Structure formats: structure tokens, C-alpha cells
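One structure below.
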Amino acid sequence: MGGRSLQVSLSLTDHSRSGDPKILLIVSTVIYSIALCVPLPYIRVMTQTLHIVGGGMAGSEAAWQAAQLGVQVVIHEMRPSVGTFAHQTGLLGEMVCSNSFRSDDSEQNAVGLLHWEMRAADGLIMRTADAHRLPAGGALAVDREPFAQSVTDALMAHPNITVEYGEVTALPDDGNWIFATGPLTSSALGAAIAAETGADALAFFDAIAPIVYFDSIDMSKAWMQSRYDKGETEEERTAYLNCPMDRDQYEAFIDALLAADKTEFHEGETASYFDGCLPIEVMAERGRETLRFGPMKPVGLTNPHAPDIKPYAVVQLRRDNKLGTLYNIVGFQTKMKYGAQTDVFKQIPGLEEASFARLGGIHRNTFLNAPTLLTADMRLKSRPHIRFAGQITGVEGYVESAAMGLLAGRMAAADIMGGTLDAPPPTTAMGALITHITGGAEAKTFQPMNVNFGLFPPVEGLKGGRRGRKDRYKAYTDRAKADWQTWLAPQAVAA
Ligand SMILES: Cc1cc2nc3c(=O)[nH]c(=O)nc-3n(C[C@H](O)[C@H](O)[C@H](O)COP(=O)(O)OP(=O)(O)OC[C@H]3O[C@@H](n4cnc5c(N)ncnc54)[C@H](O)[C@@H]3O)c2cc1C
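Note that the sequence shown covers residues 4 to 498 in this note's numbering.
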């Protein structure tokens, strides 16, 4: 979009909390339009309302961001009249399980960096978490009920926000909408979304296989090859990374799988979908040879490190992102506890020193095949007046969900102002996540993703592997902070 590039810094909160709301609306519209580089003749007063369905992590953050920018917001929340198996209250911003927002280290941890970026953008979830912080070492843990109560109070008290309680069961034909209904989207709405997207593009359970950083794999033991060298191009013929096992290693691996601690399903989750994607430990329980005839079959592969020895079993990993920094272990969805997973998977030859970008899991989780369905600015391609945000877009976790709400709220506000807001660059934590879900991830095998450094474009010239990790992460986070500030500056609306 053309127009003048002006940088302004102002306090909308101060304006919007006192004085005539109509005048303030016009003032904030004009100022924010200038900040977003909207050509002045096209500035229009914000008479359009932004509707946000779901007042969880993402919906609450989206509402706050848009309202702070002067947009009128209605949050539609189905609780308490319609509940979920995990939520306990009718509060907005409820944490459904753990009370932790994970690491708060913004120099060495990707989720800590996401905290930092959200704080810099006046994020409601972060500012409320900081106010209710509990001692938890390097993690950001909170007192959960006062936290959710404060999120609710802040949203209810905002002059630009209204909350309407009730279930939304259909996708609207017009207006400005963000759907942030989360992993436990109500059945009626889930059916409406599936009718729009096609049933294959909306999942109701995730089946997450562990993801390993490529540079932590020992390639003196592993090798790249597709089964029977299938594929038209060299890239396809070497699409899989293979880790061989001899008989003793295989038997020890099966013993470890059978003995490992497992997580139970939550009450209300069902495992009836199971036969399509059995957890590996369940496959092992069905017979010691099941895996050797399933995902670990050793056929069609020759180990170049020992061409004369036929492996007894082979674990295959497949590229998980376009950058080639992440590999998922094929068919290894699991309900093993996290500690048990790292112990068991490090028994695989080649993965002894593996670093995991994400561990495996299987949960009740409604999520879209975002790489095929959403645009780079989170719109549903088939109905561009609807954006999605939060866990339903295929991110995983409270922080990641709130982060996608923050971006969706700002993007929707920009639209209502008659401007546009491009996604942040992939060198930032926010940008790395949104780039992954809207295009960087492999669509065919898409599963929910936590933020991690494997999603960031590499910083050139730095040492790889475990030794260089500290310097590398610092370089990623320094670059991200600078780029986030640059992205944020033209929208500068400080609370
Ligand atoms: C059982 C469980 C445990 C989890 N534990 C953790 C954890 O410990 N740590 C972590 O980081 N992440 C956890 N997650 C993952 C996820 O990060 C959280 O669920 C997070 O709350 C997602 O944020 P969200 O805003 O996308 O969805 P939610 O926070 O769930 O918010 C969605 C909101 O939409 C409402 N809604 C749904 N359908 C409708 C409808 N049709 N009309 C109106 N409103 C509707 C819901 O009531 C809810 O308030 C867990 C998920 C589940 C299911």
C-alpha cells in the first residue's frame, strides 16, 4: 500500500479511557491510520466491529490488541453455558492445564523470546502473567485463577470491548471475524468448519511424532535414502534419514518402549480414533515384531556405512520444514511421558546426542491444515473476511496461541482501518511461527508446532552442533529482537 511513512508514538490507552468516546474513536483512527501508512484520503472512521469467537489465550489477546488500537470488538464466548472437558470456569484467558508459560529466558530460549516480543507489543497475556508471577526458577508460572480473573477484568473494563456469551455454530457470510476457538472447539462449530474446509483439512486429534534438530543427528551412523531409491529427483531419492539397528539394539529398544512411563488420556478425551495412528508403544504391546513390519521395516535400504550388513530394523526420519533444519521420526506418535521419550529415543543409533525441537504426543486437538487453508495473514482462503488464530491454526501451547492472537488482532485492526499489516519477518519468533504454519511446514504431514529455533532461518557463519549452540541462540535472539522492533515501530501504539 502506498502513502506516507510516518512513525508516531502515542498512548491510545490514555485517550480511550477518558473523554467523549466518539471523538476519541476518530482521533485514534486518524493517528493509527497515519502509523499504518494509509493514504490520508482513504482514512475512514472505524465503524466496523471486529467479532472474535473464543475468549481463550488467542481470542483474549486478539481482542486486547485490536481494542487498544481503537477498534470496537465483540468477544463471543460459549462458556459457561457450554463447557469443555478441560475448562473449569467461565473466565476469559483460562489456563486449561499447567500454570506455566514455560521458559522466560529471552536470550537462549525460543518461547522466552516470544514472551519478549509479546511484552514489547503490549501483550495482555504477558502483562497479566507478570502481575501474577509465582516463583518458578527460569519459568514464567502464574497463580492461575487470579490470572484469568485479571484477564477477564481487563477485557470487560475496556471501553472498546463487549463480551457476548453463547456458542457460535456457523461461519458468517460477512463482517470482520477472528475464530480462536482452540483445541476444544465445540462440535457444532467443528462440523461447520469441516463442511467449509473439507473433512481432511480439519483434524480432531493430533498425532505428534518427535522432531529432532538435523544438526544434532550423528550422520556417521545415519544416512539419507528413500526406500527403493524411489523418486524422480535426487532430492526425492534421498528424502529420508535412516538410523539402522541390529537385533540386540532392536530388542533393547522394544523392552524400553514397553517399560516406559505413559500418559493417560484426560477424562472426556476418547481414543476411539486409534487404529489409524497407533502410538508406537501400543504397536510394541501388540507384538515384539509389529514395529519391524511397520514403521521400522528394514526393506529397500542399504547402509552406506556398512553396505554388507543388512540392518535388522530401521528408524526413518522425514524432513519437517522447508529449511531442512527439522526432521520428524516417521510413525513415532506416542503417549510416553516426555522424560521417558528422550531416554528411549536416544537409544536409536545416530540419535544418541539428539536435541528435540518437540516431543511426541496424542491429544484431543481441533486444528486446521493451515499451510493449505490460510493466507500469510491468517485469512481463510475460501472466506477472506474470516481469520483464524490460536491453537486451531496448528500452533501448540498457551504462549504460541496467544502470540497468534496478537498478530491476528493487529492484522484485523489494520484491515478495519483500511490499511494492511504484513506478517513479521521469519527471523522473529512471531514471524518464524506464522511463516511455518502458513507455508513453511510440509502440508501433507502437518501437525501442531511449538516455537523453536529450528523454525528460524540460520544465522550464517556460526558454528553448528551442540558446541556452538549458546552463541547461535544468542545470535538468533539478538537478530529477532532488532527485527521485531523494526516491524513494530511503524505501528507504535504504546499503552
Ligand atoms: C486438555 C488440554 C491441556 C493443555 N495443557 C496445556 C498446557 O499445560 N500448557 C500449554 O502451553 N498448552 C496446553 N494446551 C494446549 C493449548 O495451548 C491450550 O489449549 C490453549 O489454551 C490454546 O489457546 P486458544 O486460545 O487457541 O484456545 P482456548 O484457550 O481453549 O480458547 C478457546 C475458547 O473458545 C471457546 N469456544 C470454543 N468453541 C466455541 C464456540 N463454538 N463458540 C464460542 N466459543 C467457543 C472456548 O470455550 C474457549 O474459551 C492444552 C490443551 C488441552 C486441550
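Every residue gets a Cβ at the ideal spot worked out from N, C-alpha and C, and that includes glycine.
None of these values were measured; they are calculated from a predicted model.
Inset, instruction - With a 10 Å radius around its C-beta and 16 neighbouring C-beta atoms as the bar for buried, classify P578 as buried or exposed. - result: Nothing can be reported for residue 578: it is not among the residues displayed for the chain, which extend from 4 to 498.
Legend entry - Simplified DSSP assignment, three categories, for P461: If DSSP states are grouped into helix, strand and coil, P461 belongs with coil.
Legend entry - Cβ-heavy atom distance, Y401 to ligand 1, below 7 Å: Using a cutoff of 7 Å, the CB of Y401 counts as near ligand 1, since one of the ligand's heavy atoms is closer than that.
Inset, instruction - Have a look at G3 and K484 and give me their C-alpha separation to the nearest angstrom. - result: The first residue shown for the chain is 4 and the last is 498, placing residue 3 beyond what the model contains.
Legend entry - Chain-order list of residues whose beta-carbon lies under 8 Å from that of K300 (same chain, five-residue window excluded): By the criterion of a C-beta distance shorter than 8 Å, K300 is surrounded in its chain by A316 and V317, once the five residues flanking it on both sides are discounted.
Legend entry - Cβ-heavy atom distance, I395 to ligand 3, below 7 Å: What this structure holds is ligand 1, not ligand 3.
Inset, instruction - Could you tell me which of I395, E80 and F256 sits nearest to N453, measuring between CA atoms? - result: Of the listed residues, the one whose Cα sits closest to N453 is I395.
Inset, instruction - Can you tell me which of the three DSSP states A417 falls into? - result: Helix at A417.
Inset, instruction - Name the two residues that bound the continuous alpha helix (DSSP H) containing S106. - result: Taken as a continuous stretch (DSSP letters only), S106 belongs to no alpha helix (DSSP H), being part of the beta strand (DSSP E) at S103 to S106.
Legend entry - Beta-carbon spacing of A202, A173 below 8 Å: No, the pair does not count as a contact, with Cβ atoms beyond the cut-off.
Legend entry - Pair within 8 Å by beta-carbon distance, V145 and V402: No. Outside cutoff.
Inset, instruction - Please report the Cβ distance between I365 and Q336, rounded to the nearest whole angstrom; I am assuming they are in contact, meaning their Cβ atoms lie under 8 Å. - result: That belief holds up - the Cβ atoms of I365 and Q336 are roughly 6 Å apart, short of 8 Å.
Legend entry - Helix, strand or coil at P149 according to DSSP, with G and I counted as helix: Here P149 carries a helix assignment [DSSP, helix/strand/coil].
Legend entry - Terminal residues of the beta strand (DSSP E) in which T87 lies: Going by DSSP, T87 is part of no beta strand (DSSP E) at all; its letter is neither H nor E.
Inset, instruction - Would you mind working out which of R105, S103, P149 and V154 sits nearest I128, comparing C-alpha positions? - result: The shortest C-alpha to C-alpha distance from I128 to any of R105, S103, P149 and V154 is the one to V154.
Inset, instruction - Would you check whether ligand 1 has a heavy atom nearer than 7 Å to the C-beta of R230? - result: Because no heavy atom of ligand 1 lies under 7 Å away, the Cβ of R230 does not count as near it: no.
Inset, instruction - Could you tell me if the beta carbon of A204 falls within a distance shorter than 7 Å of some heavy atom in ligand 1? - result: Outside the cutoff, so no.
Legend entry - Residues sharing a beta bridge with W226, DSSP: In DSSP, W226 forms a bridge with N245.
Inset, instruction - Let me know if P231 comes out buried or exposed under the rule of 16 or more other beta-carbons within 10 Å of its beta-carbon. - result: Contrary to the premise, residue 231 reads as Tyr rather than Pro in this sequence. With fewer than 16 Cβ atoms within 10 Å of its Cβ, Y231 is classed as exposed.
Legend entry - Best match in S106, K338, D176 and E356 for proximity to A262 [C-alpha to C-alpha]: It is K338 whose Cα lies nearest to the Cα of A262.
Inset, instruction - May I have a chain-ordered list of the alpha helix (DSSP H) segments no shorter than 4 residues that lie completely inside the region 365-422? - result: Taking only runs of at least 4 residues, the alpha helix (DSSP H) segments lying wholly in the region 365-422 are 373-376 and 401-419.
Legend entry - Cβ of G297 within 8 Å of any chain D Cβ: This model lacks chain D altogether; it includes just one protein chain.
Legend entry - Contact under 8 Å by Cβ, L377 with T200: Inclusion of L377 and T200 in the CB contact set at 8 Å is not warranted, their separation being larger than that value.
Legend entry - Cβ contact (3+ pairs, closer than 8 Å) linking the region 108-123 and the region 428-438: Judged by Cβ distances under 8 Å, the region 108-123 makes contact with the region 428-438, as three or more pairs qualify.
Legend entry - Whole-number beta carbon distance between D107 and G141, since they are thought to touch under 8 Å: A Cβ-Cβ separation of about 6 Å places G141 in contact with D107 under the 8 Å criterion.
Inset, instruction - Ignore the nearest five residues each way along the sequence and tell me which others in R295's own chain have a CB closer than 8 Å to its CB. - result: If the five residues before and after R295 are omitted, its C-beta is found closer than 8 Å to the C-beta atoms of Y253, P301, Y315 and A316, all from its own chain and listed in chain order.
Inset, instruction - Return the Cβ separation of G59 and G86 in integer angstroms, given the expectation that the two are a contact with Cβ distance under 8 Å. - result: The Cβ separation is near 13 Å, so there is no contact.
Legend entry - Assigned exposure category for T489 - 16 Cβ within 10 Å defines buried: Classification for T489: exposed.
Inset, instruction - Less than 8 Å between the CB atoms is what I'm expecting for I78 and G93, so what's the real figure, rounded? - result: I78 to G93, Cβ: 12 Å. No contact.
Inset, instruction - Say yes only if the C-beta of M60 is nearer than 7 Å to one or more non-hydrogen atoms of ligand 1, and no if none qualify. - result: It does: the Cβ of M60 is within 7 Å (strictly closer) of some heavy atom of ligand 1.
Legend entry - Close beta carbons around I164, own chain, < 6 Å, minus the five adjacent residues each side: Once the five neighbours on either side are set aside, the close Cβ partners of I164 are A66, A70, V76 and L158.
Inset, instruction - Tell me whether the beta-carbon of G457 lies closer than 8 Å to the beta-carbon of Y216. - result: Yes; because the gap between Cβ atoms is below 8 Å, this pair is in contact.
Inset, instruction - Out of D264, P374, P429 and R475, state which residue places its alpha-carbon closest to the alpha-carbon of A446. - result: Nearest neighbour of A446 by Cα position, chosen from D264, P374, P429 and R475, turns out to be P374.
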